[in-house]
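To start, the structure under review is shown below, and the notes come after it.
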Amino acid sequence: MNPARQLSLGRAQREAIRAATARLDEARSGAGVPSEASARLRMTPRTAVELLLMAALPCAALVAAKPWLMGFWHSVILWWSERLALPLGLVRTGDTESLEWLASYAGALVPSPSTGVISAALVIGAFASTWWMSDRQVPLKYLVRLLCVVQASALLFFMFVPTNFPYSMTGHLASMLNAGYYLMLAIPPLLALGWGVLRVPLHQKLLYPVLMLAYFALMLPHKALLHAVVVQHFSALYMPLLYLCFGAVLDLMVFVALYSWLASRVSPLALGSADSGVAR
């Protein structure tokens, strides 16, 4: 290669290095500058008032409607319990009403030996099946193992001290409904912070939280009813599993799933302050 060509190549390489360095410096200097979408994520007085109202008004309505809501849940559960032959009744104490499990403890809650054996076989089989799950199924593997550990603990308890089980079906149903109600109270503030800041039409901001609350208002009594059906037919052996894994934890997971689905339906341009170009 002649010296002139080597000199031209050296100059071209130096120019390319200078251009790349300049672009790198420009990128570094621009890293601290907020993008257009993030620049719109600002908290203005109007946005703050909207978020406050989105959180406070539904909570106030839920607090005021708690007696009616609990009465509605009790009516739904009792309506189904009559058709499913569940030993449930309504007990009034002063101005309050509560569901009462009318079956005796010894006859309805303590598991029979055959129930314990079948449950133990299912736990062993489910736990053993996790060893054949692939690496892509790791979340499912540990979820199944967690359920097996909870159920195995209940089996050991009822094996040694079955008469000392400290929980009743009456208390279980009350806990399920109360936990669901308090989750509903938490939904408006959570949605105000996660949904109210998005640039979506106002009717969507108001409609979707209401629909989510309506869903939980219908789902929660039916979930409690399902717990009662399981205990009625399979004994209190499954009550710890229902309470720990299919109670408030399940309700929270359902909320997260619904919010994730809801947020996935909006455009990426929806990130922004609530009063920045919202179609009202």
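Letter by letter, the sequence shown follows residues 856 to 1135 of my numbering.
In this text, a Cβ means the ideal position worked out from N, Cα and C, and glycines have one as well.
Apply the 10 Å Cβ neighbour rule to Gln992 and answer buried if 16 or more other Cβ atoms are within range, or exposed otherwise. Start at 1 with the first residue of the sequence shown, and residue 992 comes out as number 137. Flag for Gln992 reads exposed.
Just to check my reading of the structure: Pro1064 and Pro1043 have Cβ atoms closer than 8 Å, yes? What is that Cβ distance to the nearest angstrom? On the sequence shown, position 209 is the one that residue 1064 refers to. On the sequence shown, position 188 is the one that residue 1043 refers to. Contact holds; Cβ gap of about 6 Å.
By the DSSP assignment, the beta strand (DSSP E) with Leu954 in it spans what residues? The sequence position of residue 954 within the sequence shown is 99, counting from 1. Here the beta strand (DSSP E) through Leu954 covers Thr951 to Trp956.
Chain D beta carbons: is any one of them nearer than 8 Å to that of Val978? In the structure shown, chain D does not exist; there is a single protein chain.
Given this structure, state the Cα-to-Cα distance separating Arg938 from Leu1053, to the nearest angstrom. One-based indexing of the sequence shown puts residue 938 at position 83. One-based indexing of the sequence shown puts residue 1053 at position 198. If you take the alpha carbons of Arg938 and Leu1053, they lie about 45 Å apart.
Consult DSSP for Thr970 and reduce its assignment to one of helix, strand or coil. As a working note, residue 970 is residue 115 in the sequence shown. Thr970: helix per DSSP, three-state reduction.
Counting along the chain, where does the alpha helix (DSSP H) carrying Asp1025 start and finish? Locating residue 1025 in the sequence shown gives position 170, where the first residue counts as 1. The sequence given here has Thr at residue 1025, not Asp. That run of the alpha helix (DSSP H) goes Met1024 to Gly1049.
Is Gly980 helix, strand or coil by DSSP? Translated into positions along the sequence shown, residue 980 becomes position 125. If DSSP states are grouped into helix, strand and coil, Gly980 belongs with the helices.
Decide if the region 1070 to 1080 is in contact with the region 925 to 937; the criterion is three or more beta carbon pairs, one per stretch, under 8 Å apart. yes
Alpha carbon to alpha carbon, how far is Lys1078 from Ala1041? Give it in angstroms, no decimals. Residue 1041 sits at position 186 when you count from the first residue of the sequence shown. Residue 1078 sits at position 223 when you count from the first residue of the sequence shown. When rounded, the distance between both Cα atoms is 19 Å.
Anyone know if the C-beta pair for Ala981 and Val965 falls short of 8 Å? Sequence index remark: in the sequence shown, residue 981 carries index 126 (1-based). Sequence index remark: in the sequence shown, residue 965 carries index 110 (1-based). In this structure, Val965 does not lie closer than 8 Å to Ala981 by Cβ.
Continuous beta strand (DSSP E) stretch holding Gly944: start and end: Here residue 944 is taken as the residue at index 89 of the sequence shown, counted from 1. From DSSP, the beta strand (DSSP E) with Gly944 extends over Leu943 to Thr948.
Is it buried or exposed for Phe1015, if we count other Cβ within 10 angstroms and need 16 for buried? Along the sequence shown, one-based indexing puts residue 1015 at 160. It is exposed - the Cβ of Phe1015 has fewer than 16 other Cβ atoms within 10 Å.
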